[in-house]
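Notes follow once the structure below has been shown.
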Amino acid sequence: MGPLVHYELTLQWAQEAGLADVAEQIARADVLVDREFRATTSLKNLTMHFAPWSYFWVWRYRRQAVREDSAVALGRALHCAQDSVAHGVLGLAHLRFDAGLGRNPDDWRAAPERIRERIYERSMDLLHAFRKRG
Ligand SMILES: [Zn+2]
1 MGPLVHYELT
11 LQWAQEAGLA
21 DVAEQIARAD
31 VLVDREFRAT
41 TSLKNLTMHF
51 APWSYFWVWR
61 YRRQAVREDS
71 AVALGRALHC
81 AQDSVAHGVL
91 GLAHLRFDAG
101 LGRNPDDWRA
111 APERIRERIY
121 ERSMDLLHAF
131 RKRG
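Residues 1 to 134 (our numbering) are what the sequence shown spells out, left to right.
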C-alpha cells in the first residue's frame with residue numbers, strides 16, 4: 001500500500017479515533033516505514049511487510065507504543081498491520097501480480113471491499129488501543 005493508506009487515510013482514521021494531537025506523527029511514521037525499513041534491503045525488513053511475519057511486528061510495535069507512549073511505534077504497528085492484510089500470506093498477492101495475474105495489491109482503489117474493510121478495522125483496533133493507554 002502506498003501513501004494513500006499509509007499516510008492520508010491513516011491520518012484521517014487517527015483523527016477519527018480521537019488522536020488528533022498525534023495523528024500527523026502517527027501517519028508520518030506509518031508512511032516512512034517503506035523508506036526506513038525498505039523491504040528489499042534486508043530479510044528483517046522484508047518480514048515487516050508480509051504476513052505471517054508482519055504480525056510479530058504488529059504485536060511488538062503495538063506493545064512498545066502503549067508502554068513508551070510512542071506515536072512513532074504506533075505508526076509502525078499500523079504499517080505492518082495494513083501490509084499484512086493487503087499483501088496476503090507469504091506475499092502471494094504480490095507474486096501473483098508480478099506474474100501478470102490479478103490486481104496490484106498496493107492499489108487501494110482496486111482492492112475488494114472486504115480487504116479495505118479489514119484494513120480499516122485492523123487500523124482502528126490499534127488506534128483505539130493506543131487511545132486507551134495509560
Ligand atoms: Zn510496506
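Idealized CB from N, CA, C, for every residue including glycine.
Buried versus exposed call for residue 56 [16 or more other C-beta atoms within 10 Å across all chains shown]: Counting Cβ neighbours within 10 Å, residue 56 comes out exposed, since fewer than 16 surround it.
Any non-hydrogen atom of ligand 1 within 7 angstroms of residue 107 CB: no
Cβ contact check for the stretch 50-66 and the stretch 102-109: 3 or more pairs under 8 angstroms: no
Three-state secondary structure (DSSP) of residue 39: coil
Assumed close pair residue 10, residue 123 - CB separation to whole angstroms, cut-off 8 angstroms: 7 angstroms
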